[in-house]
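So for the sequence shown, the working numbering puts the first residue at 1330; every next one is plus one.
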Amino acid sequence: MAASFARARALRARWVRGMDHPTRKVFHKSESFVSIWAGGVEELWGERPVGERPDPPRAPPRRPRRPGPAGRPRGGARRARARGRLLLQRGASAARPVIPYVPLERRSFRLHMGLRPLEPSRWLEFDEDAEAVLALRSRLIDSERARVVALDEAGLAPSAELLGVVLEHLARWHPARARPVGCDHPLVEAARLVEEDLCVMVREDAWRLRAAVVCFPSRWDLREKIGATLREIHGPVPGYGAALGGPVDAFFERIGEGRAHWRLNWTLLDTPDLFVPDAARAAPSGDLADWYFRVERQTFRRLPESGAVVFTIRTYVARASELAERDPEFLGALTDQMASAPPATQAYKGWVGVVERLEARRRASSRPGR
C-alpha cells in the first residue's frame, strides 16, 4: 500500500486545463482520471510523455494528514472540498476541451475575488484557435481602434515595459509565437501578439487605468473607463463597493514584484461574438440552445520598473447546450448560481427571466427516459 501511494504521489502532476498543447498531450496519453474544479485546475494521475518539459520546481509534498473519525477528512480537507463544485467533463475530447474553465461553485452566487497564485509560465495562453483570434484582434485594432484602444500619456512608459515583458515571456515559454514588432504604440504591438486583452493600471492618487487594448469587451465601453479608478471602473457592478472595493484596492497595493495571480469570471449571453461592446443588457432570447457561456480568465502582475499593474483578460466562449450535454452537473450548477444571484445582479447581467427557462429545461431533462 505504501509503495502504491508513493508511486501515485510521484506520478502526480498539476496542470491548468487548456493551457497549452503539452498539457493536452499529457491528458491524451496518460489515460488519467481528470477532475476539474471551479477554478479550472485539474489533477492528472499518469505518466508524462517522454520529452515533455518538467514541472517547475516545487516544494516537497507534505505528509498526508491522518483521517479524522470514521475515516472522514479533517477540517482543512473538508473546507478545501467545499470551495468549488466538482465538474467532470465526461465525454469531452482529450485533445480539445470545449473551454478550459467552468467556474461554477457549489455555494450560492456571491461577489468574491477568488484569486489564485499563477506560475510565470502560465501567464499567457494559446490554443488551436490562436491564429484566428490574433487575426480578429488585429482587424479590430485597425477597424475599431477608437473603441478597443485607449491610451494616456501616463501609460506610455509602462506600456513600453510591458511589451518587453511580453516579448521575453514568448521567447521563453512560447518561442513559436515570438515575432518582430512594428512601430505602433507599444501596448498595441503587445496586444497583436497575444490572445489576452491588456490593461495597464498606474498608481497615482489611486490606481487608474492609463492604457488599454480591449478587443473583447463584455458589454462595456473602454472609452468610458480610461483614466478611471478601480472603483469608478466597477461602479455599475451591484455590490462592488461594499463587497470588493476595499479588498481589490488592498490587493493592488500588495502585489509583489515577480508574482502573479489569476481569477475567473463568467456570464451567459445570447451571442458567441467576442467583441460585445454595447452596454445594453436585455435578457438572452431563446433557450439553452441559443445561449453561450462566456468565461474570462483574468491575471494580475506588477511590472518591476514602473510598478504599474498589468491586468489581462483571456475570453473563452462555448455553447451552453454543448456544456450541458458533456457534463450532467452543468445545467444544475448554472441554474443554482443564477437563481441565487440578487435581483440587482440579475438585472445588471441581463439574466431576468432566464432562470425560469433554465428550470424548465432542467425539469424536462430529468424526466424518465431522457
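Idealized CB from N, CA, C, for every residue including glycine.
Sub-9 Å separation of residue i and residue j beta-carbons
i, j, result
"Ala1519", "Leu1538", "no"
"Trp1680", "Arg1648", "no"
"Ile1555", "Ala1572", "no"
"Leu1597", "Pro1613", "yes"
"Ala1653", "Leu1663", "yes"
"Gly1574", "Arg1583", "no"
"Thr1641", "Leu1480", "no"
"Pro1515", "Leu1492", "yes"
"Val1529", "Val1639", "yes"
"Leu1465", "Phe1604", "yes"
"Ile1470", "Val1462", "no"
"His1590", "Arg1690", "no"
"Leu1632", "Glu1482", "no"
"Ala1609", "Ser1650", "no"
"Arg1655", "Val1427", "yes"
Counted within 10 angstroms of its Cβ, other Cβ atoms place residue i as buried (16 or more) or exposed
i, result
"Ser1760", "Shown here, the chain extends from 1330 to 1699; a query on residue 1760 therefore has no answer."
"Ser1437", "exposed"
"Arg1692", "exposed"
"Gly1587", "exposed"
"Glu1454", "buried"
"Arg1501", "exposed"
"Pro1304", "There is no way to answer for residue 1304, as the model of the chain reaches only from 1330 to 1699."
"Gly1484", "buried"
"Ala1670", "buried"
"Ile1562", "buried"
"Cys1544", "buried"
"Ala1475", "exposed"
"Ser1695", "exposed"
"Glu1497", "exposed"
"Asp1602", "exposed"
"Thr1352", "Bear in mind that a pLDDT of 33 at Thr1352, under 50, signals an unreliable position, so the number given afterwards is only what the model happens to contain. Thr1352 comes out buried."
"Ser1547", "buried"
"Asp1534", "exposed"
"Arg1630", "buried"
"Glu1457", "exposed"
"Thr1600", "exposed"
"Glu1473", "exposed"
"Arg1643", "buried"
According to DSSP, residues forming a beta bridge with residue i
i, result
"Ser1547", "Val1605"
"Ala1589", "Leu1447, Arg1630"
"Asp1526", "Ile1642"
"Thr1596", "Arg1623"
"Gln1531", "According to the sequence displayed, residue 1531 carries Val and not Gln. DSSP lists Arg1537 as partners of Val1531."
N-terminal and C-terminal residue of the alpha helix (DSSP H) that residue i is part of
i, result
"Asp1578", "1575 to 1583"
"Val1431", "Per DSSP, Val1431 belongs to no alpha helix (DSSP H) and is neither H nor E."
"Ile1470", "1459 to 1472"
"Trp1502", "1485 to 1502"
"Phe1659", "1659 to 1668"
"Arg1686", "1683 to 1694"
"Leu1516", "1515 to 1520"
"Ala1676", "1672 to 1678"
Spatial neighbours of residue i in its chain, beta-carbon cut-off 7 Å, leaving aside the 5 residues before and after
i, result
"Ala1459", "Glu1524"
"Arg1532", "Gly1636"
"Ala1486", "Ser1635"
"Val1683", "Leu1597, Ala1612, Pro1613, Met1667"
Contacting residues, own chain, Cβ-Cβ under 6 Å from residue i (five flanking each side not counted)
i, result
"Arg1521", "Ser1467"
"Glu1685", "none"
"Asp1550", "Pro1606"
"Leu1440", "Gly1568, Ala1572, Leu1573"
"Trp1536", "Met1530, Leu1559, Phe1581"
"Ala1406", "In this predicted model, Ala1406 has a pLDDT of only 34, less than 50, meaning its place in the structure is not dependable enough to derive any value."
"Arg1552", "none"
Extent of the continuous beta strand (DSSP E) to which residue i belongs
i, result
"Val1639", "1638 to 1648"
"Val1478", "1478 to 1480"
"Arg1560", "Counting along the chain, Arg1560 falls outside any beta strand (DSSP E), though it belongs to the alpha helix (DSSP H) covering 1559 to 1562."
"Val1510", "Unbroken run through Val1510: none, as it is neither H nor E."
"Arg1537", "1536 to 1542"
Cβ-based neighbour list, residue i, same chain, cut-off 8 Å, excluding 5 preceding and 5 following
i, result
"Ala1673", "Pro1567, Gly1568"
"Asp1616", "Arg1686, Arg1690"
"Asp1578", "Ala1535, Trp1536, Leu1559, Arg1560"
Closer than 8 Å: residue i CB and nearest the ligand GDP heavy atom
i, result
"Arg1521", "Of the ligands one can find in the structure shown there are none, so the ligand GDP has no counterpart to examine."
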